[in-house]
Amino acid sequence: MTRRRAIVLAVTLGAAAVLSGCPGLDAGRTPESTLSAFAGALREGRTGDAYGLMSEDYRRRVSPEEFRRFFEDNPVEVQQAARALSRQRGRTEQEATVEYGEGERVRLLRERGEWRVATDVVDFYDQSSPRAALRSFVRAMERRRYDVVLALIPEADREGMTPERMRESWEGEGREEVERLLANLRAALDNPIEEVGDRATMGYGDRFRVQFLREDGEWRIEDPD
Numbered sequence: 006m007t008r009r010r011a012i013v014l015a016v017t018l019g020a021a022a023v024l025s026g027c028p029g030l031d032a033g034r035t036p037e038s039t040l041s042a043f044a045g046a047l048r049e050g051r052t053g054d055a056y057g058l059m060s061e062d063y064r065r066r067v068s069p070e071e072f073r074r075f076f077e078d079n080p081v082e083v084q085q086a087a088r089a090l091s092r093q094r095g096r097t098e099q100e101a102t103v104e105y106g107e108g109e110r111v112r113l114l115r116e117r118g119e120w121r122v123a124t125d126v127v128d129f130y131d132q133s134s135p136r137a138a139l140r141s142f143v144r145a146m147e148r149r150r151y152d153v154v155l156a157l158i159p160e161a162d163r164e165g166m167t168p169e170r171m172r173e174s175w176e177g178e179g180r181e182e183v184e185r186l187l188a189n190l191r192a193a194l195d196n197p198i199e200e201v202g203d204r205a206t207m208g209y210g211d212r213f214r215v216q217f218l219r220e221d222g223e224w225r226i227e228d229p230d
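When you line the sequence shown up against the numbering used here, it's residues 6 to 230, in that order.
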């Protein structure tokens with residue numbers, strides 16, 4: 006993406022991230038007032054005010070000169086963005102994301118002036134995505150929850166398997182190999198995952214692959230090595 010295109014997208018779509026107000030503008034008190042002030046600054050060509058309403062992160066990446074140049078080079082697009090941003094639809098939601106544990110994230114929503122947890126943090130063995138299934142598999146194996154591990158395996162691979170047999174196999178002579186597998190998977194929890202339809206693949210280590218399969222709306226671990 007070119008620098009010019011990045012600035013176009015940031016101005017058109019990034020206004021939801023504005024954080025601070027400008028002198029003379031009733032902005033910053035609510036998301037709606039900030040967005041309204043931003044749209045007005047765009048419409049009236051007040052580049053300094055519009056730039057001041059962008060987040061600190063945006064201002065670190067884009068200089069005032071670059072921002073002003075965008076206005077001068079794209080007057081039609083600026084007016085289109087101003088009109089679109091002036092037509093606010095639906096209820097505004099404020100949200101925050103907090104990272105915790107081993108790379109997990111919890112989403113919070115602001116409701117009636119107070120922050121509430123919006124993520125189902127008590128779903129310890131989530132299977133809603135390939136990455137969630139991988140984290141659940143590692144967690145279940147570490148905690149020796151073989152009943153959960155069984156649920157994370159595709160139905161076609163469960164024949165003859167029981168939690169008791171898993172415990173027998175993986176807590177005896179095979180435990181060292183299991184620990185090595187878990188260490189490798191734990192180190193790869195944030196690796197890229199390629200998803201195509203109901204199948205997904207993640208590479209890890211020098212030559213290993215995790216294969217995922219979606220069954221009945223839930224992702225399962227087809228082959229962890």
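Don't be surprised by glycine CBs; every beta carbon is placed ideally from N, CA and C.
Taking a cut-off of 8 angstroms on C-beta distances, the segment 163-180 does not touch the segment 196-209, as fewer than three cross pairs fall below it. For Glu223, the pairing in a beta bridge is given by DSSP as Glu220.
Rounded to the nearest angstrom, the gap between the Cα atoms of Asp162 and Glu104 is 34 angstroms. Under the DSSP definition of a beta bridge, Thr206 partners with Glu199, Gln216. Here DSSP, grouped into helix, strand and coil, assigns Asp54 to helix. Distance between Asp152 and Trp120, taken at the CA atoms: about 35 angstroms. About 7 angstroms separates the CB atoms of Arg225 and Phe217; that is less than 8 angstroms, so the two are in contact.
Beta-bridge partners of Leu113 (DSSP): Ala101, Val122.
The beta carbon of Val183 is closer than 6 angstroms to those of Trp175 in its chain, skipping five residues each way along the sequence.
Rounded to whole angstroms, the gap between the alpha carbons of Arg117 and Arg110 is 23 angstroms. Boundaries of the alpha helix (DSSP H) around Ser141: 135-147. When the five nearest sequence neighbours on each side are left out, the beta carbons in the same chain lying within less than 6 angstroms of the beta carbon of Met207 are those of Asn196, Ile198, Val215, in order along the chain. Where Glu173 is concerned, the enclosing alpha helix (DSSP H) starts and stops at 168-175.
Here Pro159 is not near Glu223, since their CB atoms are 8 angstroms or more apart. Straight-line spacing of the CA atoms in Asp131 and Arg115 works out to 24 angstroms.
Distance from the CA atom of Val83 to the CA atom of Gly57, rounded to whole angstroms, is 16 angstroms.
Going by DSSP, Asp131 is part of no alpha helix (DSSP H) at all; its letter is neither H nor E. Each residue's CA atom was taken as its position, placing Ser68 and Asp78 some 16 angstroms apart. Within the DSSP secondary-structure output, Asp228 pairs in a beta bridge with Gln216.
For Arg185, the enclosing alpha helix (DSSP H) has its first and last residue at 180-192. Apart from the 5 residues on each side of it in sequence, Leu157 sits with its Cβ closer than 8 angstroms to the Cβ of Tyr130, Gln132, Ala138, Ser141, Phe142, Ala145, Arg225, Ile226 in its chain, given in chain order. In this structure, Leu186 lies away from Pro135, with their beta-carbon atoms at least 8 angstroms apart.
For Phe43, the closest alpha carbon among the candidates Ala188, Leu90, Tyr63 is that of Leu90.
Bounds of the alpha helix (DSSP H) holding Val83 are 80-91.
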